[in-house]
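Protein chains in written order, with the working numbering: chain B, 1 to 156; chain D, 157 to 425.
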């Protein structure tokens, strides 16, 4: 699948929401833990060799689950291939908790849910749709229930 | 650079609702002809398929940091371009099937960034806090005046919680259909200062800490704490976080409070 790599690399150089050197292990059998600079930027997790400017790779953080594996370790799995775990080793319990929290909040879908909650709540309390004054109340992405059917039947 | 492509492709076709779908003509990268493709916009990702029935996307355009502009094309009507700010960046030239389709796509794409969504969420979060504060202080006033015969003047209640000048959220297309150049904060220049977009909002925030899970019934309006920058994405324990149950407590408490308030106000009429 093609993607705009240059622009993604450019994105990886922007100020991050959170970044740290962590031990990272890929999902394949035989992958070992390696020290990586991990950067969270919008809904992407970029990982770099600690002395390099260009990232080795990126993970889009949609449709994924973050879990605490043990005191210092958390994992990311993607819902379409839940057996494959990316593991991250932190230096402290606090760091581990903070990263899990940050990653959970870094999906577009998570933010959309919050937006819908706030919108509904404000409307319930004031009788007004808070998005109306910005002229964006009709945008699909802000709808409480878009009601669109799934695009493709589930694969067998 | 590696990308978790399989999972990204899965995101395109899984049953989370897309933000927009439709046919667009995309100018080829080597071959300069425009190719008809089926597009799916989800979040800040624009996927394109050979056709609507295809199971796997041919490709995806990550939209974070892009600007969307109308453009002139010799061969195509209703043309627009997705541009990026980085050096040697690609420009994706697209054409829609009608004027209406073009405007709709330009609108949807220019607000597709994660940063923009984050802005809107923070703004609504702030508004909700404001509404809640007003309701709390209204309840105090009501309690104090309960034994006085005077009719309460038309209270603003918690209607019209005003929002101070949040022009960034406005539809830029209402003015004209320009390039969302450097004066726009929506998608265009997030790159130059992504932090400052968020910080620009947090400077107006006064409230530290979330909700009033503990503050129930003490009835005092908390003095505003000087504004402080919140770390992007680092709102630990905020009502937004699914990890805490403050969220549902807040929700329930507030609902009860509003019910009481309504009754009192009606009795005072």
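Beta carbons: idealized from backbone N, C-alpha and C, even for Gly. All figures in this text were calculated on a predicted structure; none of them were measured in a lab.
Might you give, ordered along the chain, the residues of its own chain that have their beta carbon closer than 8 Å to the beta carbon of residue i, omitting 5 neighbours on each side?
| i | result |
| --- | --- |
| residue 36 (chain B) | 21, 22, 23, 24, 47, 48, 49, 50, 56 |
| residue 120 (chain B) | 144 |
| residue 104 (chain B) | 66, 110 |
| residue 98 (chain B) | 18 |
| residue 130 (chain B) | 118, 119, 122, 123 |
| residue 184 (chain D) | 190, 191 |
| residue 9 (chain B) | 54, 55 |
| residue 82 (chain B) | 65 |
| residue 321 (chain D) | Here the model assigns residue 321 (chain D) a pLDDT of 40, short of 50, so the residue's position is not dependable and the matter cannot be decided. |
| residue 214 (chain D) | 193, 204, 205, 206 |
| residue 92 (chain B) | 72 |
| residue 175 (chain D) | 197, 198, 199, 264, 268 |
| residue 270 (chain D) | 199, 200, 220 |
If we cut at 7 Å on Cβ distances, does residue i have a partner in chain B?
| i | result |
| --- | --- |
| residue 281 (chain D) | yes |
| residue 278 (chain D) | no |
| residue 240 (chain D) | yes |
| residue 250 (chain D) | no |
| residue 247 (chain D) | no |
| residue 273 (chain D) | yes |
| residue 361 (chain D) | Unreliable placement is indicated for residue 361 (chain D), whose pLDDT of 32 sits below 50; no coordinate value is reported for it. |
| residue 350 (chain D) | Note that residue 350 (chain D) has pLDDT 36, beneath the 50 cutoff, so the model's placement of it is unreliable and the number below is only indicative. Closer than 7 Å: yes. |
| residue 338 (chain D) | Confidence at residue 338 (chain D) is low in this model, with a pLDDT of 38, below 50, so the placement of that residue is unreliable and no value is reported for it. |
What are the residues that DSSP puts in a beta bridge with residue i?
| i | result |
| --- | --- |
| residue 89 (chain B) | B:23, B:73 |
| residue 123 (chain B) | DSSP lists no partner for residue 123 (chain B). |
| residue 215 (chain D) | B:2, D:204 |
| residue 237 (chain D) | D:225, D:249 |
| residue 179 (chain D) | D:194 |
| residue 45 (chain B) | B:40, B:59 |
| residue 66 (chain B) | B:76 |
| residue 18 (chain B) | B:40 |
| residue 120 (chain D) | Because chain D spans 157 through 425 in this model, residue 120 (chain D) falls outside it and cannot be assessed. |
| residue 35 (chain B) | B:23 |
Please list, in chain order, the chain B residues whose beta carbon lies closer than 9 Å to that of residue i.
| i | result |
| --- | --- |
| residue 200 (chain D) | 42, 43, 108 |
Grab me the residues of residue i's own chain with a C-beta within less than 6 Å of its C-beta, minus the 5 sequence neighbours each way, in chain order.
| i | result |
| --- | --- |
| residue 163 (chain B) | Shown here, chain B extends from 1 to 156; a query on residue 163 (chain B) therefore has no answer. |
| residue 315 (chain D) | With a pLDDT of only 42 at residue 315 (chain D), under the threshold of 50, the placement of this residue in the model should not be trusted; the figure read from the coordinates follows. Nothing listed; no residue qualifies. |
| residue 39 (chain B) | 16, 19, 46 |
| residue 202 (chain D) | 217, 219 |
Is there at least one Cβ from chain D nearer than 7 Å to residue i's Cβ?
| i | result |
| --- | --- |
| residue 74 (chain B) | no |
| residue 78 (chain B) | yes |
| residue 152 (chain B) | With a pLDDT of 45 at residue 152 (chain B), under the threshold of 50, the predicted position of this residue should be treated as unreliable, though the coordinate-derived value follows. Yes, residue 152 (chain B) counts as interfacial toward chain D. |
| residue 53 (chain B) | no |
| residue 137 (chain B) | no |
| residue 144 (chain B) | no |
| residue 27 (chain B) | no |
Under 9 Å between beta-carbons, which chain D residues line up against residue i? List them in chain order, please.
| i | result |
| --- | --- |
| residue 57 (chain B) | 157, 158, 159, 160 |
| residue 35 (chain B) | Per Cβ cutoff of 9 Å: no residues; residue 35 (chain B) is ~17 Å from chain D at best. |
Using a Cβ-Cβ cut-off of 7 Å (strictly less than) and excluding sequence neighbours within five positions of residue i, which residues of its own chain qualify?
| i | result |
| --- | --- |
| residue 212 (chain D) | 165 |
| residue 152 (chain D) | For residue 152 (chain D) there is no data in the structure shown, the boundaries of chain D being 157 and 425. |
| residue 232 (chain D) | 181, 190, 251 |
| residue 43 (chain B) | 60, 61, 62, 106, 107, 108 |
| residue 27 (chain B) | 84, 85, 86 |
| residue 14 (chain B) | 41 |
Any chance the CB of residue i is under 6 Å from a heavy atom of the ligand NAP?
| i | result |
| --- | --- |
| residue 115 (chain B) | As presented, the structure is devoid of all ligands, the ligand NAP included, so that no description of it is given. |
Quick one: which chain B residues come within Cβ less than 7 Å of residue i?
| i | result |
| --- | --- |
| residue 244 (chain D) | 6 |
| residue 284 (chain D) | 118, 121, 122 |
So which residues of chain B does residue i contact, with C-beta pairs closer than 8 Å?
| i | result |
| --- | --- |
| residue 176 (chain D) | 140 |
For residue i, which residues in chain D fall below 8 Å Cβ to Cβ?
| i | result |
| --- | --- |
| residue 2 (chain B) | 214, 215, 216 |
| residue 115 (chain B) | 273, 276, 277, 280 |
Taking Cβ-Cβ distances shorter than 7 Å, what residues in chain D pair up with residue i?
| i | result |
| --- | --- |
| residue 49 (chain B) | Those within 7 Å of residue 49 (chain B) in chain D number zero; the least Cβ separation is about 12 Å. |
So if I threshold CB-CB distances at 7 Å, which residues from the stretch 4-24 of chain B count as touching chain D? Listed in sequence order: 4, 5, 6, 7, 8, 9, 10, 11, 14, 15, 17, 18.
May I ask you to list, following chain order, the residues of the stretch 160-171 of chain D that have a beta carbon less than 7 Å from some beta carbon of chain B? 160, 161, 162, 163, 164, 165, 166, 167, 169, 170, 171
May I ask you to list, following chain order, the residues of the stretch 215-229 of chain D that have a beta carbon less than 7 Å from some beta carbon of chain B? Listed by position along the chain: 215, 216, 217, 218, 220, 221.
To be precise: take each residue of the stretch 257-270 of chain D, compare its Cβ to all Cβ atoms of chain B, and keep it if any distance is under 9 Å. Which residues remain? For the stretch 257-270 of chain D, the set of positions with a beta-carbon nearer than 9 Å to some beta-carbon of chain B reads 263, 264, 267, 268, 269, 270 in chain order.
Give me the subset of the stretch 58-72 of chain B whose CB atoms are less than 8 Å from a CB atom of chain D, sorted by chain position. 58, 59, 60, 62, 63, 64
Compile a chain-ordered list of the residues in the stretch 77-98 of chain B whose CB is closer than 8 Å to at least one CB of chain D. If the cut-off is 8 Å between Cβ atoms, the stretch 77-98 of chain B has 78, 79, 80, 81, 98 near chain D.
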